[in-house]
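Q: Numbering (UniProt numbering), first residue to last: 1 to 219.
(1) Please check the pair residue 107 and residue 134, which I expect to be a contact at CB under 8 Å, by giving their CB distance rounded to whole angstroms.
(2) Only counting the same chain, and skipping five residues up and downstream in sequence, which positions put a Cβ closer than 8 Å to that of residue 28?
(3) Look up residue 207 in the DSSP assignment and give the residues it is bridged to.
(4) Here's the rule I'm using: 16 or more other beta-carbon atoms within 10 Å means buried, otherwise exposed. How should residue 176 be labelled?
(5) Note down, in chain order, each residue of its chain lying with its Cβ closer than 6 Å to the Cβ of residue 30, except the 5 sequence neighbours on either side.
(6) Specify the secondary structure class of residue 172 as computed by DSSP and reduced to three states.
(7) Looking only at its chain, what residues have a beta carbon closer than 6 Å to the beta carbon of residue 152, apart from the 5 residues adjacent to it on each side?
(8) For the alpha helix (DSSP H) that residue 134 lies in, which residues bound it at each end?
(9) Give me, in chain order, the residues of the same chain whose beta-carbon lies closer than 6 Å to that of residue 142; leave out the 5 immediate sequence neighbours on both sides.
(10) Should residue 32 be labelled buried (16 or more other beta-carbon atoms within 10 Å of its own) or exposed?
(11) Within the continuous beta strand (DSSP E) that includes residue 96, where are the two ends?
(12) Is it buried or exposed, residue 68, if we count other Cβ atoms within 10 angstroms and call 16 or more buried?
(13) If you draw a straight line from the alpha carbon of residue 185 to that of residue 115, how long is it in whole angstroms?
As structure tokens, then:
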């Protein structure tokens with residue numbers, strides 16, 4: 001997806017949903033502020049969802065009991081409209097299917113700034129929702145965000161593996177390669193590379209997504 005275009009449309013659809021109770025400009029600014037609070041949070045006792053709502057509710061001056069049903073409805077129904085701003089890559093399903101078929105334990109380690117419903121919807125768009133994912137990180141039960149190394153440490157603790165037994169596959173040099181700090185090997189996907197030039201980490205391997213199978217010696 002073109003992330004800039006996707007997020008532009010996301011804000012447009014979401015602010016429209018809330019316009020009767022929160023002006024669109026205020027809604028967007030509050031969403032960005034609450035998302036920023038999640039990203040910078042380092043309190044282990046707070047889920048990302050709790051941090052988001054603690055920040056968002058005072059900014060829009062509406063009770064959580066009024067806001068939560070609107071968010072739930074949006075992500076269950078209207079979020080689906082955004083699919084038209086994405087283009088599925090069939091290679092993704094092929095690669096994940098091969099990994100599952102060879103017994104690899106699978107974790108969908110996307111930045112958990114969205115609820116589980118939204119992440120599952122995007123997985124459906126990508127054609128990878130039906131595979132046996134052991135863990136899908138979402139804001140309901142994650143306590144950190146990328147690029148905080150604690151995000152990856154929490155995953156390791158949940159799946160019960162040391163860093164050297166894990167491979168992080170991602171396309172963002174900042175958000176994904178920081179996993180190296182925990183001894184996790186990294187494969188940088190260059191198909192849709194995001195490189196802001198601020199990462200000090202180098203990948204253990206990089207290439208097109210389909211080349212991951214060659215790296216792992218999978219036919």
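Ideal placement from N, C-alpha and C gives every residue a C-beta, glycine not left out.
A: Let me spell this out:
(1) Residue 134 and residue 107 do touch by the CB rule: their CB atoms are close to 6 Å apart, below 8 Å.
(2) 11, 15
(3) 189
(4) Around the beta carbon of residue 176, a 10 Å sphere encloses 16 or more other beta carbons of the protein chains shown; the residue is thus reported as buried.
(5) 56, 59, 60
(6) Reduced to three states, the DSSP call for residue 172 is strand.
(7) 179, 182
(8) Not the alpha helix (DSSP H): residue 134 falls in the beta strand (DSSP E), residues 133-136.
(9) 48, 112
(10) exposed
(11) Following the DSSP letters along the chain, one finds residue 96 in no beta strand (DSSP E) but inside the alpha helix (DSSP H) bounded by residues 90-101.
(12) Of the other Cβ atoms in all chains shown, fewer than 16 fall within 10 Å of the Cβ of residue 68; this residue is therefore exposed.
(13) 27 Å
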